[in-house]
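S.K.:
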Amino acid sequence: MYLQEWFRSLHSGAGLKGSESEDFWSLLPSLPRPSLSLSSSLLGLGAVASLTAYWLATRPRPMRPPCDLKAQSVAIRGDPVCRRSALNKSDCLLYFYYDDIRTAFAMFQRGLKIAGDGPCLGFRKPNQPYEWISYNEVRAHVLGSGLLVKGCQPNPQQFVGIFAQNSPQWTITELACYYYSMAVVPLYDTLGPEAMVHILDLAEISLVFCDREDKAASLLENKEKGATPTLSCLVLFKDFGRAFAERARKCDVEVLKLEQLMVSGKEPPQPQDLAVVCFTSGTTGTGSFEIRQEDVTISYLPLAHMFERMIQFSMFVHGARVGFYQGDISLLMDDMRALKPTFFPVVPRLLNRIYDQVRTREGKSDEGSQILPASSLTYSHGWINTTVLSNRSHWIKFTWRKKDAKLGGNLRFVLTASAPISPTVLSFLRATLGCLIFEGYGQTECTAGCTFSMPGDFSTGHVGAPLPCAIVKVVDIPEMNYFAKNGEGEICMRGPSVFGGYLKDPQSTAEALDSDGWLHTGDVGQWLPNGTLRIVDRKKHIFKLSQGEYIAPEKIENIYMRSVPVLQVFVHGDSLESYLVGIVVPDPEVFVDWAKERGIVGSYQELCENPDMKKAVLEDMRAVGKEAGLKSFEQVRDLHLHPEMFSVANGLLTPTFKSRRADIRRVFQPQISKMYKKTAN
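FYI, full-length UniProt numbering numbers position 126 of the sequence shown as 126, with every residue one higher than the one before it.
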């Protein structure tokens, strides 16, 4: 239709007024006026030829995968259950991506050589643009560290605590520790006071960096009780009051600002050896896609976990930028609009949220306004099915520009990890965002990553093939009827990225690492025919119902979250019961309107207590489950609607937004017992 209108404008001179129209036709002096229709036809044919040539020259081109996508991993010595990356030329694993880069600090040093005075760490104040600290400025801060002056020893057995949210100061502190071969021990709120005391004592930590006075005060309280005798110095990123300093002095704890510590160590002795910390280049994923100096990522996932730190050092080694969020997850989209990141590390919960918001708005639109988005989505899916991914389509840019703008508008690639993502959500976001979306799998014990989806592979339902630094196998779980001969079982991995053990805990180390060096993950996986790995669930999360059926709750929860009114869901079963029940947090942004469509009016709180709404939500969830292929025993029979979200603050989510299943079960035990009792009656 657009092309037809364009041709009509050529014939009629539409859009060319007055002398402009005459000048246009004067470009064809050799053609007499009676032949204008012929000239228009010829011009139209020429335009078609020109447009065709332009499209052929600029069309999205298929991505050339680095290996055969039908064989992304290779059996080790002919054993089909033990596999390595097809990117490796032999069974030898990749230890270092760059031969001369063997430590975390060396990764930063490489970025320093590339970028120099270029931006490194970014931060912003409310409603302000990002401000940047250059690589050279970061290096100056690191070299000015006064850690040695405060008695910290330059060796890997010296542990320094960091109790703070993501910020430039966090990263500068970490780099300072690595420069002097010290080890960083991240601390975070949800550990709880008992775990915090245990960690400080176990690692014999004397110095802790804190971003706020209230966090430092919680540590000081333990010191006052005599629970953490080794603690002797607190360094705050922000100002603190005199009363707090006096309180600390009374229990022999020195309190400093970060700037004071930096100044006190302007000429530190040079360390003889740097610590080889957990970031070996083989585990950073830098070989899977190209990170450029102009790339920028947003740091909001907790630095206390390996995933976020792996991302940061992957950026540093290429001289790229890291911008920090303001510390409030509700302002993340605002930070992304200001930062305009090209790389977005994310967890599935957030991608599910984005998907739900888009689909909800689409559902509220009238039929006519949905035609263009549906057409653009079909168009984009068509390109994805031919291994072409592009957001250059005018349709894609026009129909999804608002969502793209919320994420900054510059995304080149997204990495999702920490939990499996729904194939529906993954395909939808690939089509609408028009950028590469990779899925990975790993644990803290293997430096965050051991498998990664291959560039050019846009299939779903798996977490990719082994990274070049890892060998992955599955082993039998006979009590659950998972057998390696069928390509399924507990996931085990071995390689340079696997940890050396738990600190001063040989028993737990022996449980995780066997005598041959295999890390037993506790996750259940399955090898697919193309050499990729599919995650079934956590071994410890899988349970059996009274009639013997095994249940993988996270798989069911991921399906139920596709139900429009559902924001969060927890599926529970008991070995003494024959069916499942659920705890559901309705989506406050859609629940009230969803109820009105069914003739039920009330506030969000009232609707959560309404038995008719509970019935409606249950029916919708079961319909979604049936469509997704859930068996009858995998469907919940009853549920409880809860008006408060599971969150890190209330202790029901981990800092990486995974469900704390034991805590959720404990908090909702009265409701769970009531549902089983009611249904039994």
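Even glycine gets a Cβ: it sits at the ideal position worked out from N, Cα and C.
1) Is Thr460 close to the ligand SAH? I mean its beta-carbon at under 7 Å from any heavy atom of the ligand.
2) Taking only beta-carbon atoms, is Gly629 less than 8 Å away from chain D?
3) Who does Gln526 pair with in a DSSP beta bridge?
4) Is the distance from the Cβ of Ser181 to the Cβ of Asp211 below 8 Å?
5) Ends of the alpha helix (DSSP H) at Pro611?
6) In the DSSP assignment, the beta strand (DSSP E) including Pro193 goes from what residue to what residue?
7) Compare the beta carbon distance of Ala417 and Gly442 with 8 Å and say whether it is the shorter of the two.
8) Can you tell me whether Glu597 is helix, strand or coil according to DSSP?
9) Short check: CB of Gly323 to CB of Ile114, under 8 Å?
10) With three or more C-beta pairs closer than 8 Å as the rule, is the segment 486-501 touching the segment 407-414?
11) With a CB to CB cut of under 6 Å and the five nearest residues on each side skipped, what residues in its chain are close to Leu261?
12) Assuming Arg292 contacts Cys120 under a Cβ cut-off of 8 Å, what Cβ separation, rounded to an integer in Å, is found between them?
13) Looking at the unbroken beta strand (DSSP E) that takes in Asp79, where does it start and where does it end?
14) Which residue comes first and which comes last in the beta strand (DSSP E) that contains Gln568?
15) Does the segment 131-140 come close enough to the segment 329-337 to have 3 or more Cβ pairs within less than 8 Å?
16) Could you spell out where the beta strand (DSSP E) holding Tyr95 opens and where it closes?
17) Looking at the secondary structure, which residues open and close the alpha helix (DSSP H) in which Val585 lies?
18) Let me confirm a value: Glu308 is counted as buried when at least 16 other C-beta atoms fall within 10 Å, else exposed. Which label applies?
19) Which word fits Gln669, buried or exposed, when buried means at least 16 other C-beta atoms lie within 10 angstroms of its C-beta?
20) Inspect the beta-carbon positions of Met621 and Val636 and report whether they are closer than 8 Å.
21) What residue range is occupied by the uninterrupted beta strand (DSSP E) comprising Arg110?
22) Which word fits Gln109, buried or exposed, when buried means at least 16 other C-beta atoms lie within 10 angstroms of its C-beta?
23) Quick check on DSSP: helix, strand or coil for Asp663?
24) Which of the three DSSP states, helix, strand or coil, is assigned to Asp638?
25) Please state whether DSSP places Thr521 in a helix, a strand or coil.
26) Measure from the alpha carbon of Pro496 to the alpha carbon of each residue in Ala512, Gly517, Leu503, then state which is nearest.
27) Quick check: the segment 236-253 against the segment 204-221, are there 3 or more CB pairs under 8 Å?
28) Once the 5 residues before and after Arg660 are set aside, which same chain residues still bring their CB inside 7 Å of it?
29) Using CA coordinates, which residue listed in Leu301, Ile76, Asp117, Asn558 is at the minimum distance from Gly629?
30) Under the rule that 16 or more other beta-carbon atoms within 10 Å means buried, what is Tyr482, buried or exposed?
31) Between the Cα of Gln165 and the Cα atoms of Phe591, Arg83, Tyr300, which residue gives the shortest distance?
32) Taking the straight line between their C-alpha atoms, what separation do you get for Ala104 and Ala304?
33) So, under 8 Å CB-CB, Ser73 and Ala465 are touching, yes? Tell me the CB distance rounded to an integer number of Å.
34) Nearest-angstrom Cα distance between Asn136 and Gln169?
35) Identify whether residue 709 lies in helix, strand or coil by the three-state DSSP scheme.
36) Going by C-alpha to C-alpha distance, which of Ala448, Gly531, Cys177 sits closest to Ile311?
M.R.: Put simply:
1) Of ligands this structure carries none, so the ligand SAH is not represented either.
2) Structure shown: chain D not included; a single protein chain is present.
3) Taking the first residue of the sequence shown as 1, we reach residue 526 at position 526. In the DSSP output, where bridge partners are listed per residue, Gln526 has Glu488, Arg534.
4) Translated into the one-based positions of the sequence shown, residue 181 becomes position 181. Translated into the one-based positions of the sequence shown, residue 211 becomes position 211. No.
5) Counting from one through the sequence shown, the residue named residue 611 turns up at place 611. Looking at the DSSP string, the run of the alpha helix (DSSP H) that includes Pro611 is 611-627.
6) Against the sequence shown, residue 193 aligns to sequence position 193. Careful: Pro193 lies outside any beta strand (DSSP E), inside the alpha helix (DSSP H) at 193-202.
7) On the sequence shown, position 417 is the one that residue 417 refers to. On the sequence shown, position 442 is the one that residue 442 refers to. It is a contact, given that the beta carbons lie within the stated cut-off.
8) Counting from 1 along the sequence shown, the entry for residue 597 is found at position 597. Coil, per DSSP.
9) Indexing the sequence shown from 1 puts residue 323 at position 323. Indexing the sequence shown from 1 puts residue 114 at position 114. No, the pair does not count as a contact, with Cβ atoms beyond the cut-off.
10) no
11) Numbered from its first residue, the sequence shown carries residue 261 at position 261. Here the set comprises Gly146, Val235.
12) For the purposes of this step, residue 292 is taken as residue 292 along the sequence shown, with counting starting at 1. For the purposes of this step, residue 120 is taken as residue 120 along the sequence shown, with counting starting at 1. Not quite, the Cβ-Cβ distance comes to about 15 Å (not below 8 Å), so this is no contact.
13) Here the question's residue 79 lines up with position 79 in the sequence shown. Per DSSP, Asp79 belongs to the beta strand (DSSP E) from 79-85.
14) By one-based count along the sequence shown, residue 568 stands at place 568. Run containing Gln568: 566-572, per the beta strand (DSSP E) assignment.
15) no
16) Within the sequence shown, the letter at position 95 stands for residue 95. Here Tyr95 belongs to no beta strand (DSSP E), and DSSP marks it neither H nor E.
17) For the purposes of this step, residue 585 is identified with residue 585 of the sequence shown, where counting begins at 1. Run containing Val585: none in the alpha helix (DSSP H); it sits in the beta strand (DSSP E), 580-586.
18) Translated into the one-based positions of the sequence shown, residue 308 becomes position 308. Buried is the call here.
19) On the sequence shown, position 669 is the one that residue 669 refers to. Answer is exposed; the Cβ neighbour count stays below 16.
20) Residue mapping note: residue 621 aligns to position 621 of the sequence shown, counting from 1. Residue mapping note: residue 636 aligns to position 636 of the sequence shown, counting from 1. Their beta carbons are under 8 Å apart, which means Met621 touches Val636 by this criterion.
21) If you number the sequence shown from 1, residue 110 lands on position 110. Here Arg110 belongs to no beta strand (DSSP E); instead the alpha helix (DSSP H) covers 104-115.
22) For this step, residue 109 is matched to residue 109 along the sequence shown. Gln109 is buried by the Cβ-count criterion.
23) Against the sequence shown, residue 663 aligns to sequence position 663. Helix.
24) As a first step, residue 638 is located in the sequence shown; it is residue number 638 there, counting from the start. Of the three classes helix, strand and coil, the one that applies to Asp638 here is strand, per DSSP.
25) As a working note, residue 521 is residue 521 in the sequence shown. Strand at Thr521.
26) Indexing the sequence shown from 1 puts residue 496 at position 496. The shortest C-alpha separation from Pro496 is found at Gly517.
27) yes
28) Counting from 1 along the sequence shown, the entry for residue 660 is found at position 660. Once the five neighbours on either side are set aside, the close Cβ partners of Arg660 are Gly651, Leu652, Leu653, Thr654.
29) Position 629 of the sequence shown holds residue 629. The candidate whose alpha carbon is nearest that of Gly629 is Asn558.
30) Reading the sequence shown from its first residue, position 482 is the one you call residue 482. Buried is the call here.
31) Counting from 1 along the sequence shown, the entry for residue 165 is found at position 165. Of the listed residues, the one whose Cα sits closest to Gln165 is Tyr300.
32) Residue mapping note: residue 104 aligns to position 104 of the sequence shown, counting from 1. Residue mapping note: residue 304 aligns to position 304 of the sequence shown, counting from 1. So the two alpha carbons sit approximately 16 Å from each other.
33) As a first step, residue 73 is located in the sequence shown; it is residue number 73 there, counting from the start. As a first step, residue 465 is located in the sequence shown; it is residue number 465 there, counting from the start. Rounded, the Cβ-Cβ distance is 4 Å, consistent with contact.
34) Along the sequence shown, read from residue 1 onward, the residue named residue 136 stands at position 136. Along the sequence shown, read from residue 1 onward, the residue named residue 169 stands at position 169. For Asn136 and Gln169, the distance between alpha carbons rounds to 15 Å.
35) The structure shown does not extend to residue 709, since the chain is modelled only from 1 through 681, so no value can be given for it.
36) As a first step, residue 311 is located in the sequence shown; it is residue number 311 there, counting from the start. The candidate whose alpha carbon is nearest that of Ile311 is Ala448.
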